Amino acid sequence: MLIRVDDIKEAGLNREYAAAAAEFPELSVLEQRGEVFFPEPITTKLRAIRVGEMIQLDGTVSTSVRFVCSRCLKVYPHVLELVFTLTYARNLPAIDDAETGEELELNAEDLGLELLSGDELDLHAVIQEQVLLGLPLQPLCEDTCRGLCPRCGVDLNTATCNCAGDGFAGKFSVLKDWSNRQK
Ligand SMILES: [Zn+2]
Ligand SMILES: [Zn+2]
């Protein structure tokens, strides 16, 4: 999944890729940890265009995933559809401070640019990064998911228990159990 920079012209270059999550080291780690599952290949469609000295990449990364709900631990399906635009520059433009006239020390990130090094663009890294950025920190099967009872562990979406009403005391006892287990 490499594009030679010289092959990118003003007219643009279209590419499509499909690759299993196993080909992306960081996605494999998430799968091994049981945090996210990727049952289908990760499909990428992109267009690379030369704009003067810069290269612009526009693309979409899509795949079906299985998340583990952070409240009830149920595994549920979700479709990831991520749109991205990246601009690559060989050198960072020099920008002067409008007031002092001194050159500002800006890095690529400040300018919203990616630094182009070498003769090729490594799309493998780009695709992995987009998927990682698109994963929720706390996946929820439903916004209204009621989660598990902190005391007895029943799924409060499908069952009720008699612990309700303990409120803080209930939560506290779970913390106490947890801290005892750490000893
Ligand atoms: Zn849930
Ligand atoms: Zn309960």
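Note that the sequence shown covers residues 0 to 182 in numbering that gives the first Met the number 0.
Backbone N, C-alpha and C define an ideal beta-carbon position, used for all residues, glycine too.
All of these numbers come straight from a predicted model, not from anything done at the bench.
Residue i (DSSP reduced to helix, strand or coil)
i: Gly58; result: strand
i: Glu15; result: strand
i: Asp5; result: helix
i: Ser24; result: Note that residue 24 corresponds to Pro in the displayed sequence, not to Ser. Of the three classes helix, strand and coil, the one that applies to Pro24 here is helix, per DSSP.
i: Ala88; result: strand
i: Glu104; result: coil
i: Asp142; result: coil
i: Asp118; result: coil
i: Glu30; result: helix
i: Ala47; result: strand
i: Glu128; result: helix
i: Asp96; result: coil
i: Leu147; result: strand
i: Leu110; result: helix
Close-in-space but distant-in-sequence residues of the same chain around residue i (CB under 7 angstroms, 5 per side omitted)
i: Gln137; result: Ser69
i: Val64; result: Val35, Phe36, Phe37, His77 and Leu79
i: Leu134; result: Val35
i: Ala107; result: Leu91, Glu113 and Leu114
i: Ala19; result: Pro40
i: Cys144; result: Cys68, Arg70, Cys71 and Asn156
Beta-carbon proximity list for residue i, same chain, < 8 angstroms, skipping 5 on both sides
i: Leu105; result: Leu91 and Ile94
i: Tyr87; result: Met53, Ile54, Gln55, Leu56, Leu112, Glu113, Leu114, Leu115 and Leu120
i: Phe23; result: Ile41, His123, Ile126, Gln127 and Val130
i: Val153; result: Leu147, Thr159 and Cys160
Any non-hydrogen atom of ligand 2 closer than 7 angstroms to residue i Cβ
i: Val153; result: yes
i: Arg32; result: no
i: Arg150; result: yes
Own chain, CB closer than 6 angstroms to residue i, minus 5 neighbours either side, in chain order
i: Leu185; result: What the structure shows of the chain is the stretch from 0 to 182, and residue 185 is not part of that stretch, so it cannot be assessed.
Supposed close pair residue i, residue j - CB separation, criterion 8 angstroms
i: Lys44; j: Glu25; result: The Cβ separation is near 21 angstroms, so there is no contact.
i: Lys73; j: Cys162; result: Actually they do not touch by this definition, with Cβ atoms about 20 angstroms apart.
i: Asp118; j: Arg3; result: 6 angstroms
**Message:** Residues around ligand 1, please: the ones whose beta-carbon is closer than 7 angstroms to some heavy atom of it, in chain order.
**Reply:** Cys68, Arg70, Cys71, Lys73, Leu139, Cys140, Glu141, Cys144, Gly146 and Asn156
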